[in-house]
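Undergrad: In the order they appear, the protein sequences are chains A and B.
Mapping of the first sequence onto the numbering used here: residues 814 to 1005, in sequence order.
Mapping of the second sequence onto the numbering used here: residues 55 to 245, in sequence order.
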Amino acid sequence: MGVSLTKGANVSLSRTDPNLSKILIGLGWDARSTTGADFDLDASLFMTLADGKVPSDNYFIFYNQLLSPCRSVEHTGDNRTGDGDGDDEAIKVDLSLVPQNITRLVVAVTIHDAEGRNQNFGQVLGAFMRIVNQENDAEIARFDLSEDYSTETAMVFGEVYRHNSEWKFKAVGQGYNGGLYALCSQHGVNIS
Amino acid sequence: MAISLQKGGNVNLSTEAPSMKTMIIGLGWNARASDGAAFDLDASAFLLQESGKVISDAGFIFYNQKTSACGGVVHQGDNTTGEGDGDDEVVKVVPSKLPADIQKVAFAVTIHEAEARRQNFGMVSNAYIRIVDEANGQEIARYDLSEDASVETAMTFGELYRHNGEWKFKAIGQGFQGGLGPLANNYGVSI
């Protein structure tokens, strides 16, 4: 299944069926074979209002908060090593259940304890993030984290957003200095 | 001006040195200043398929098997102390000679007799890997390992690999506790 979206491009998800918009955001990587601390990549998602901030901390979906209040976004759990083929972490989204005031879902990937472990995406083998339209199993976008984001430790993968009553996905693919903490601050999430 | 790579970083050699035909992969380290057995670092190269494994043990190039079957990777010989400025061990690579099914060449360094001499990379200073264009002596990229030295005794310094039809180099700096055995096994070589 090829990548059809390049960085910066966007696509309409609800074009074929405005009512059914189930997507899966998948994160995968190879478990470490060399000596050293495991590579622990984490997928997360910020459900934001028009101002780009979450309505409350409950709208930050990550390994310690797996289900959104509206139950539209579900994180399938933390994978701390990358063991297993295919997607190692996944976030499922049912767009038809997302509350009206939520206009953007910002998807990020970070490396746990990147600074302490002195790690970046380039050191990980086969790291990728992708989004799949579950309605037709089409892979909408995939970014190769190990190759193209090699010196980064945190990244905004993309945004699922409302536009003129449609849901669209925009491939962002930007590294984020400051990691998860900075991402949270930017989106109005308080983390201690 | 050579590109200085950090661990995990990669560089496009086809872009940075489009006319480079023969690459000199140079490995260097400082000879031991303190008392004790000399640091004898050995460079090696693994010619890898897409799977990350060698086709056969002939794909493991080191001081006792210096030339690959295709002639594209040639080890220039063993330096047992690190004496001398500049590169202490060199592997010459002519990418155009590598067969199409060789997707990557991994460059590793191991410490000879590490266990007996009780040595590890943390004790070696100024270890680096660099790529030089043989035609004009120009250094294209370098990865200095000194910051990342550790308790390992066998390490993949970096990797030359194909990506979208071009040659790239990635700074790896990751090792194996247990030495050459586990490292070679990782690439499918039985020693």
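Backbone N, C-alpha and C define an ideal beta-carbon position, used for all residues, glycine too.
Taking DSSP's pairing of strands, which residues face T207 of chain B in a bridge?
TA: DSSP lists no partner for T207 of chain B.
Undergrad: Could you name the residues that DSSP lists as bridge partners for Q987 of chain A?
TA: According to DSSP, which records beta bridges pairwise, Q987 of chain A is partnered with A:V969.
Undergrad: I want to know whether the region 98 to 106 of chain B touches the region 116 to 129 of chain B - three or more CB-CB distances under 8 Å.
TA: Yes, since at least three Cβ pairs between the region 98 to 106 of chain B and the region 116 to 129 of chain B fall closer than 8 Å, the two stretches touch.
Undergrad: Do I57 of chain B and E70 of chain B have their CB atoms nearer than 8 Å?
TA: Going by C-beta atoms, I57 of chain B is nearer than 8 Å to E70 of chain B.
Undergrad: Around the Cβ of Y994 of chain A, are there at least 16 other Cβ atoms within 10 angstroms (buried) or fewer (exposed)?
TA: Y994 of chain A should be labelled exposed.
Undergrad: Sorry if obvious, but does the Cβ on N133 of chain B come closer than 7 Å to a heavy atom of the ligand ADP?
TA: The model on display carries no ligand, and the ligand ADP is accordingly not part of it.
Undergrad: Applying the 10 Å Cβ sphere with the 16-neighbour rule, what's the burial state of G233 of chain B?
TA: Buried: at least 16 other Cβ atoms inside 10 Å.
Undergrad: Identify which residue in A:V886, A:R930, A:V906 has its Cα closest to the Cα of T848 of chain A.
TA: Of A:V886, A:R930, A:V906, the residue nearest in Cα terms is A:R930.
Undergrad: Going by DSSP, name the residue or residues bridged to N823 of chain A.
TA: N823 of chain A pairs with A:K983.
Undergrad: What runs of the alpha helix (DSSP H), each 4 residues or longer, lie entirely inside the region 75 to 154 of chain B?
TA: Counting whole runs of 4 or more residues, the region 75 to 154 of chain B contains no alpha helix (DSSP H) stretch at all.
Undergrad: Residues of the region 197 to 223 of chain B with a CB closer than 7 Å to any CB of chain A: list them in chain order, please.
TA: Answer in chain order: E206, H217.
Undergrad: For the region 906 to 939 of chain A, which residues have a beta carbon sitting closer than 9 Å to at least one beta carbon of chain B?
TA: Within the region 906 to 939 of chain A, the qualifying residues are N931, Q932, N933, F934, G935, Q936, V937, L938.
Undergrad: In the structure shown, what three-state DSSP assignment does L59 of chain B receive?
TA: It is a strand residue.
Undergrad: Using a beta-carbon distance below 8 Å, is Q231 of chain B in contact with chain A?
TA: Yes, Q231 of chain B lies at the interface with chain A (some Cβ there is under 8 Å from its Cβ).
Undergrad: Since D141 of chain B contacts G82 of chain B with CB under 8 Å, what's their CB separation in whole angstroms?
TA: That belief holds up - the Cβ atoms of D141 of chain B and G82 of chain B are roughly 5 Å apart, short of 8 Å.
Undergrad: From the DSSP output, read off the bridge partner residues of S857 of chain A.
TA: Its beta-bridge partners are A:A921.
Undergrad: When you compare the CB of S963 of chain A with every CB in chain B, is at least one pair closer than 8 Å?
TA: Yes, S963 of chain A counts as interfacial toward chain B.
Undergrad: Note down, in chain order, every chain A residue with its Cβ under 7 Å from the Cβ of K61 of chain B.
TA: Neighbours of K61 of chain B on chain A, chain order: Q936.
Undergrad: Is the CB-CB distance between R196 of chain B and L59 of chain B below 8 Å?
TA: Yes, Cβ-Cβ distance for R196 of chain B and L59 of chain B is below 8 Å.
Undergrad: Under the DSSP definition of a beta bridge, which residues are partnered with L215 of chain B?
TA: The amino acid at residue 215 of chain B is misidentified as Leu; the sequence shows Tyr. Paired residue(s): B:K158, B:K222.
Undergrad: If you count every other CB in all the chains shown that lies within 10 Å of the CB of K158 of chain B, and 16 or more means buried, which is it?
TA: Classification of K158 of chain B: buried, given that the 10 Å Cβ count is 16 or more.
Undergrad: Report yes or no: is there a C-beta of chain A within less than 8 Å of the C-beta of N174 of chain B?
TA: It does not; no Cβ of chain A falls within 8 Å.
Undergrad: Please report whether the beta-carbon of N66 of chain B lies at a distance below 8 Å from any beta-carbon of chain A.
TA: Not closer than 8 Å to any Cβ of chain A, the Cβ of N66 of chain B fails to qualify, so no.
Undergrad: Look up D961 of chain A in the DSSP assignment and say whether it is helix, strand or coil.
TA: Looking at D961 of chain A - three-state DSSP - the assignment turns out to be helix.
Undergrad: Would the beta-carbon of A844 of chain A fall within 8 Å of that of G895 of chain A?
TA: Yes.
Undergrad: With H166 of chain B and D96 of chain B assumed to form a contact (beta carbons below 8 Å), what rounded beta-carbon distance in angstroms separates them?
TA: Indeed they touch by this definition, with Cβ atoms about 5 Å apart.
Undergrad: Is it the case that the Cβ atoms of V922 of chain A and E972 of chain A are separated by a distance below 8 Å?
TA: Result no, Cβ atoms of V922 of chain A and E972 of chain A do not sit closer than 8 Å.
Undergrad: For a test of the three-state rule: what should DSSP assign to D870 of chain A, helix, strand or coil?
TA: Here D870 of chain A sits in helix by DSSP.
Undergrad: By the three-class DSSP mapping on this structure, what secondary structure does Y197 of chain B have?
TA: Residue state, collapsed to three classes: strand.
Undergrad: DSSP on A927 of chain A, reduced to helix/strand/coil?
TA: Of the three classes helix, strand and coil, the one that applies to A927 of chain A here is helix, per DSSP.
Undergrad: In whole angstroms, give me the CA-to-CA distance for W252 of chain B and F161 of chain B.
TA: As shown, chain B starts at 55 and ends at 245. That puts residue 252 of chain B outside it, with no answer to give.
Undergrad: Please classify M814 of chain A as buried or exposed, where buried requires at least 16 neighbouring CB atoms within 10 angstroms.
TA: Per-residue confidence for M814 of chain A stands at a pLDDT of 42, beneath the threshold of 50, marking its modelled position as unreliable; the derived number appears in the next sentence. The residue in question, M814 of chain A, is exposed, as its Cβ has fewer than 16 Cβ neighbours within 10 Å.
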